[in-house]
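Taking it in order: structure first as structure tokens, then the write-up.
Number of protein chains: 4
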Amino acid sequence: MRFASDNTSGAAPEIMAAVVKSNDGYDRSYGADAAMGRVTALVRKVFQAPQAVVHLVATGTAANALSIASHCPPWGAVFCHTHAHIAEDECGAPEFFSGAKLVLVPGDQGKMTPATLADALSRTGEGGVHGVQRGMLSLTNVTEAGTVYSPSEIKALTDLAKARGLPCHLDGARFANALVATGATPAEMTWQAGIDVLSLGGTKNGCLGVEGVVLFNPEKAWELELRRKRAGHLFSKNRFLAAQIEAYLTDGLWLRLAAQANAMGQRLASGLAAQGATVPDAPANMLFPLWSPGTHDRLEAAGAQFYRLFAPEGRERARLVTSWSTTAADVDAFLAALQP
Amino acid sequence: MRFASDNTSGAAPEIMAAVVKSNDGYDRSYGADAAMGRVTALVRKVFQAPQAVVHLVATGTAANALSIASHCPPWGAVFCHTHAHIAEDECGAPEFFSGAKLVLVPGDQGKMTPATLADALSRTGEGGVHGVQRGMLSLTNVTEAGTVYSPSEIKALTDLAKARGLPCHLDGARFANALVATGATPAEMTWQAGIDVLSLGGTKNGCLGVEGVVLFNPEKAWELELRRKRAGHLFSKNRFLAAQIEAYLTDGLWLRLAAQANAMGQRLASGLAAQGATVPDAPANMLFPLWSPGTHDRLEAAGAQFYRLFAPEGRERARLVTSWSTTAADVDAFLAALQP
Amino acid sequence: MRFASDNTSGAAPEIMAAVVKSNDGYDRSYGADAAMGRVTALVRKVFQAPQAVVHLVATGTAANALSIASHCPPWGAVFCHTHAHIAEDECGAPEFFSGAKLVLVPGDQGKMTPATLADALSRTGEGGVHGVQRGMLSLTNVTEAGTVYSPSEIKALTDLAKARGLPCHLDGARFANALVATGATPAEMTWQAGIDVLSLGGTKNGCLGVEGVVLFNPEKAWELELRRKRAGHLFSKNRFLAAQIEAYLTDGLWLRLAAQANAMGQRLASGLAAQGATVPDAPANMLFPLWSPGTHDRLEAAGAQFYRLFAPEGRERARLVTSWSTTAADVDAFLAALQP
Amino acid sequence: MRFASDNTSGAAPEIMAAVVKSNDGYDRSYGADAAMGRVTALVRKVFQAPQAVVHLVATGTAANALSIASHCPPWGAVFCHTHAHIAEDECGAPEFFSGAKLVLVPGDQGKMTPATLADALSRTGEGGVHGVQRGMLSLTNVTEAGTVYSPSEIKALTDLAKARGLPCHLDGARFANALVATGATPAEMTWQAGIDVLSLGGTKNGCLGVEGVVLFNPEKAWELELRRKRAGHLFSKNRFLAAQIEAYLTDGLWLRLAAQANAMGQRLASGLAAQGATVPDAPANMLFPLWSPGTHDRLEAAGAQFYRLFAPEGRERARLVTSWSTTAADVDAFLAALQP
């Protein structure tokens, strides 16, 4: 009953097998390894983007901070949701790497809207040299609230940014889960929807620790390499990152892993609703149910793991995350423990 | 005949096995995993330092830059050798993380001396507010020139720094090789010799990618954690870093791996000298031989891999690095290829 | 009818005379000038703070950014009002100098309240290493909305910060105007109310360009000097800054200048109200009146200068600022032009 | 006998008069003042550069650091002389503003040579992503050693930089003195010699505190404005900076002031040599004479002010600087005091 986070899961067997296999013999270091060329080819194929460039790092914070630093000047504003991971959970890494300032855009359930974004855009950079300038847009999909943007919703937001000449970033720590939840293709969710740079998550979805910075506009590729090195994020034994992402993207493994996580999320959501919990929109693998007081204690007493969140008076709220390794038995045990 | 770098080797079987084993089931994320507690205990035991704190990162550049940033203010000078890795091979990461300035201290064969350090110390920070202030000392062992500082040599340098009130860092990307080459204990080479913070290398010596920042002065521990997160170097699945370093430090594996690398380095040095090459002092696993023109081409034609370096007129110079996975057969094949 | 800003005024005659007089002969540079010693003594006397240290810079942004950088670590949160000058009008200077993150605290009419501050404090730094840590409090008096904190209001806010161990900064770009408006002494408004570091404004109140960073806790004095130099804010001919602030603080000139500005502000407020404009609380020299559509155009046609701001439907809003050089005739001319 | 530095002098009467005059009435703030437009026209005329843009700041460190930050990326190397002001006397401001790294280029008497620069260029940025990349060139004229580059010497150096695609900066803290010493025109010394951005010094040569950042390539103009604001270097009452530089550049005042300083420097040099002191090449207003032991004490006992520097065994070395306000009587009194 491990629902605290998808990063408490280990690596999928196929990923670990690829890492073990990649350990055979010598290989060139610092990204010149044999697998890295195959990774680039795979990314281009999967995203239908023949010019795309991908650089690997080991953490999502690194992927996000490097993506932002290479697309926003130090005097720029990064428009992101009030509760974006880059705003709340990266201890200032995006600002440290870029010098830029985050401008928080509100919106229900983790999603900004064209109206809230337009408002933030209109109120920033209008003071001439006195304030920071409009810099870039950063979206997250799956959002921190467990909701999902459709490609057309993303497009509506990037259109506003692009009308101001701003580049657009997608924090895809749970990108595969968003694809599965929407049925969109990788291309539809990214460059076809106006995304210039993607943090392609692997860690939460069955890898040991790997994220790709995918540049659909390759002119930033060399700058990104330099920033990666300068931030200590270039692996000498890059082969071990490449092996993970290669296996991840091969034969749809990433989508199968995400499909399992999402399916378990939906099974959980149904079961919760059936027992009377309030379950806000949660089409992927992250749920924020509200239930009655005492439930938290009862679940934990039964061995369940999850995060307790602030809740309105007279209610309790939890964060529950399923992963590639969650089983139906795990879900059902949790639901059984939920019963008073 | 892979002598380009010890980072072209893979992971030692024991390390990889530990990683595979650590993948079993769920574990807490962000360093709260079960193995991390064992790693701390191991580091304290191995270093005879009951108060030491260790934080893990995946690259040596991260370990160095974080060590420096947490011990030197933005207006401080970091005294390091002219050819230190932090000065030449990290694309400015130490300056990026800390804001500090590197003051280059000369010295033959990669080693500063008490005289050159004293000179640099006396010429820095004397201009009041106009120049950067003396900040900290950073040494490297094994040095970039393949030479080794003895504990007493380190002590002589840290004494000068400490007389100025400066903390002292050791870049130990090849720390185990230095221990083997000198016969010193980890404690003798570090805190007993005046070192406050160590970058404990694992990657080049048989790990997939892990380095420990070992703080002998634990009061910086929380700051270092925050800086690590802020730099994107906190792994969610830290268990995979902890598993590596745990196996590495258990039952002397790290020293056995380094002993093999060093033994192969010495076998290579002897063979080179026997064939008339000039081999500067190289007590560990990195050699910089000089030989006659045409040798580079002949060796590469035979399939040898190494770095070509600048050399005086009429000579060629190579960098040769052995590793835990170098075999006597590798060395002998190289020596055979060397023969005209 | 120049009401755009108090910084469109020139320097008061006494200040300019002091600058001219200070030009006589040679003087030591970089703050070792004769006047600087007198300035320190004056500041200590005026603030009844025998240990206080003051460093001079030429702009308010520099004073604020240096104050913050020397009291907040790069991973810290600076709690400030949503519309603070440091948040909206300094193009990210506080973040650039400090690395810190601004956490915006709401509140009506430019003032945070104990409740809004307590809420922000409780929601920051609770996520362990994932989010920025509570760093410091920064208040502004006179606020950006033209309102004024009393010493007891400041104390109520700094008490909350100090209960968390946080240092407290006061942006006093219009500090003299706040003193005049409240009748408080400099000591009552600062260290007696929990302020550790003050940006003591001179520029807007009759100087050419000078602000003092007043440290009531002198242990940061040397760090602040180094940060000032490193930011290019140490004047070689510091005598010209010292001369300004010396004249400014001598014989209560600063308070007389502010008294004139405030008196003209009150005359303006009364006249506006008498003509039916809505004039929110404005006890000092900055007013944000609301009036009926068409008024802006009519005033500008008459030669009045001011800022147009966003206003609710069916209204117009202006920013009007009086200064030491505003005369009753200026005010009356404006009021006359206001009449339909 | 004030020869410690040209910044111990006050402001020239014409400059001070202009400041006083500029205080009349109201003026627009933040650089929109009436004088600023005239300053731009003057700079364009004086430099025969119709596209040039100039931004004013109050210190040379600010001018240099902003010039560098707007022309060099954070991963770039700034090639400057080993003893450049930006390297030794600005407490790391260039690195703070830009993130870049200074690569020190040696050369006798404060001047790099095509050979030493070519060597530094060839040794930087060759390690791919591991080291910083070639970023820009920064020269100083008059140099820190009191020597002067001719326009053709500057051209020879900028040619090397431009062959690598690098922009070129000139630190002209004593630019007028260099013009007088060489007879070159402002255009010949700057853009015609390959300079893209100039720190145009005013402070040391008779201003209160003003320096111009002159961009011959105006495409960086907006970025420079933003960086200036973000660094706290935009004056609200910019009129007082503009008034200084306007008077300075009008009717050749700047050259007359520098001519006086240089003439006094030459009078001093001749007198020193006549008395047996060794006077290295010093064509402008800064001398580094060597004389016999005991001279320092004798001069100071007579009331002379100057800097004592390191000297070879058996000698003493001083730094002597003349300024616009140095008189023949000052020089002669010093020479009289020098006599044993």
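Chains as they are written, first to last, in the working numbering: chain A, 1 to 340; chain B, 341 to 680; chain C, 681 to 1020; chain D, 1021 to 1360.
Every residue gets a Cβ at the ideal spot worked out from N, C-alpha and C, and that includes glycine.
As the structure is a computational prediction, the values presented were derived from the model and not from experiment.
Item to check | Three or more C-beta pairs below 8 Å linking the stretch 1173 to 1191 of chain D and the stretch 1303 to 1317 of chain D | outcome: No: the two stretches stay apart, fewer than three of their Cβ pairs being nearer than 8 Å.
Item to check | Other residues of its chain near A/M286: CB distance less than 6 Å, five sequence neighbours each side excluded | outcome: Counting only Cβ-Cβ distances below 6 Å, and skipping sequence neighbours, we find G146, V321.
Item to check | Endpoints, the beta strand (DSSP E) within which B/H425 is located | outcome: Element bounds for B/H425: not the beta strand (DSSP E) but the alpha helix (DSSP H), 425 to 428.
Item to check | Nearest-angstrom beta carbon gap, C/G807 and A/D348 [assumed within contact, 8 Å] | outcome: Nothing in the structure corresponds to residue 348 of chain A, since chain A is present only between 1 and 340.
Checklist entry - Taking B/V671 as the reference, which of B/N602, B/G654, B/G616, B/T380 has the closest Cα? => result Among B/N602, B/G654, B/G616, B/T380, the Cα nearest to that of B/V671 belongs to B/N602.
Checklist entry - Mind checking if A/V103 is an interface residue toward chain D, Cβ cutoff 8 Å exclusive? => result No, A/V103 does not count as interfacial toward chain D.
Checklist entry - DSSP state of A/D171, grouped into three classes? => result Reduced to three states, the DSSP call for A/D171 is strand.
Checklist entry - Can you list, in chain order, the residues of its chain whose CB lies under 6 Å from that of A/A302, leaving out five sequence neighbours each side? => result Contacts found: A337.
Item to check | 8 Å Cβ shell around C/L801 - same chain, five flanking residues per side excluded | outcome: These residues qualify, in order along the chain: F759, R814, L840, A841, R844.
Item to check | Helix, strand or coil at C/L846 [DSSP, three-state] | outcome: C/L846: coil per DSSP, three-state reduction.
Item to check | Burial state of B/P629, where buried means 16 or more other Cβ atoms lie within 10 Å | outcome: It is buried - the Cβ of B/P629 has at least 16 other Cβ atoms within 10 Å.
Checklist entry - Could one say the Cβ of D/K1249 lies closer than 8 Å to chain C's Cβ atoms, at least one of them? => result The beta-carbon of D/K1249 is placed less than 8 Å from the nearest beta-carbon of chain C.
Item to check | Buried versus exposed call for A/A12 [16 or more other C-beta atoms within 10 Å across all chains shown] | outcome: By the neighbour-count rule (16 or more Cβ atoms within 10 Å), A/A12 is buried.
Checklist entry - Hey, does D/T1095 have any beta-carbon neighbour from chain A nearer than 8 Å? => result Note that residue 1095 of chain D is Trp in the sequence shown, not Thr. Closer than 8 Å: yes.
Checklist entry - Are there three or more Cβ pairs, one per stretch, closer than 8 Å when the stretch 93 to 109 of chain A is compared with the stretch 1216 to 1235 of chain D? => result In short, these stretches do not touch, since the Cβ pair count stays below three.
Next on the checklist: With a threshold of 8 Å, are at least 3 pairs of Cβ atoms found where one atom belongs to the stretch 613 to 627 of chain B and the other to the stretch 310 to 327 of chain A?
Outcome noted: Under the 8 Å Cβ criterion, the stretch 613 to 627 of chain B does not count as touching the stretch 310 to 327 of chain A, having fewer than three qualifying pairs.
Item to check | Strand pairing of D/M1156, partner residues [DSSP] | outcome: According to DSSP, D/M1156 bridges with D/V1098.
Checklist entry - Using a beta-carbon distance cut-off of less than 8 Å, what residues from the stretch 212 to 225 of chain A approach chain B? => result Hits within the stretch: zero.
Item to check | Test: A/R319 CB closer than 8 Å to a CB of chain B | outcome: No, because no Cβ of chain B sits closer than 8 Å to the Cβ of A/R319.
Checklist entry - Nearest CA to the CA of C/H735: which residue from C/V719, C/G790, C/A697, C/F727? => result The shortest Cα separation from C/H735 among C/V719, C/G790, C/A697, C/F727 belongs to C/V719.
Checklist entry - With distances taken from CA atoms, which of C/A738, C/K835, C/L914, C/P753 is nearest C/Q872? => result Answer by Cα proximity: C/K835.
Checklist entry - Once you ignore the five residues that flank B/E586 on each side, which residues in its own chain have a CB closer than 8 Å to its CB? => result Counting only Cβ-Cβ distances below 8 Å, and skipping sequence neighbours, we find A358, A375, R378, V379, L382.
Checklist entry - So the beta strand (DSSP E) C/H735 belongs to, where does it begin and stop? => result 733 to 737 is the span of the beta strand (DSSP E), which, as asked, contains C/H735.
Checklist entry - At a CB-CB cut-off below 8 Å, which residues of chain B make contact with A/G25? => result Result: G350.
Checklist entry - According to DSSP, is C/K781 helix, strand or coil? => result The three-state reading of DSSP puts C/K781 in strand, counting E and B together.
Next on the checklist: At a CB distance below 9 Å, what residues from the stretch 23 to 56 of chain A approach chain D? Give them in sequence order.
Outcome noted: Within the stretch 23 to 56 of chain A, the residues whose Cβ lies closer than 9 Å to some Cβ of chain D are Y30, G31, listed in chain order.
Item to check | Beta-carbon proximity check, B/L548 vs B/Q600, cutoff 8 Å | outcome: Pairing B/L548 with B/Q600 gives a Cβ-Cβ distance that is not under 8 Å.
Next on the checklist: Runs of 4 residues minimum, wholly inside the stretch 553 to 592 of chain B: which ones carry the alpha helix (DSSP H) assignment?
Outcome noted: Every alpha helix (DSSP H) stretch that sits fully inside the stretch 553 to 592 of chain B and reaches 4 residues is listed by chain position as 561 to 570, 579 to 589.
Next on the checklist: Does the stretch 208 to 221 of chain A come into contact with the stretch 1122 to 1138 of chain D, if we say contact requires no fewer than three beta-carbon pairs (one atom in each stretch) closer than 8 Å?
Outcome noted: The stretch 1122 to 1138 of chain D and the stretch 208 to 221 of chain A do not touch, with fewer than three beta-carbon pairs separated by less than 8 Å.
Next on the checklist: Closest to D/D1026 by C-alpha separation, out of D/S1049, D/A1104, D/V1162, would be which residue?
Outcome noted: Comparing Cα-Cα distances from D/D1026 to each of D/S1049, D/A1104, D/V1162, the minimum goes to D/V1162.
Item to check | Anticipated Cβ contact below 8 Å, A/D108 with A/R239, distance rounded | outcome: The Cβ separation is near 44 Å, so there is no contact.
Checklist entry - Is C/Q946 near C/F683, with beta carbons less than 8 Å apart? => result No, the Cβ-Cβ distance between C/Q946 and C/F683 is not below 8 Å.
Checklist entry - Does the Cβ of D/R1250 have 16 or more other Cβ atoms within 10 Å, making it buried, or fewer, making it exposed? => result D/R1250 counts as buried, since no fewer than 16 other beta carbons sit within 10 angstroms of its beta carbon.
Item to check | Minimum Cβ-Cβ distance from D/M1284 to chain C less than 8 Å | outcome: Chain C, which has no Cβ nearer than 8 Å to the Cβ of D/M1284, makes this no.
Item to check | Partner residues on chain C for A/C91, Cβ-Cβ distance less than 8 Å | outcome: Neighbours of A/C91 in chain C, taken as residues whose beta carbon is under 8 Å from its own, are W755, V809, H810, G811, V812 in chain order.
Next on the checklist: DSSP has C/W971 in a bridge; who is on the other side?
Outcome noted: Bridge partners of C/W971 according to DSSP: C/E996.
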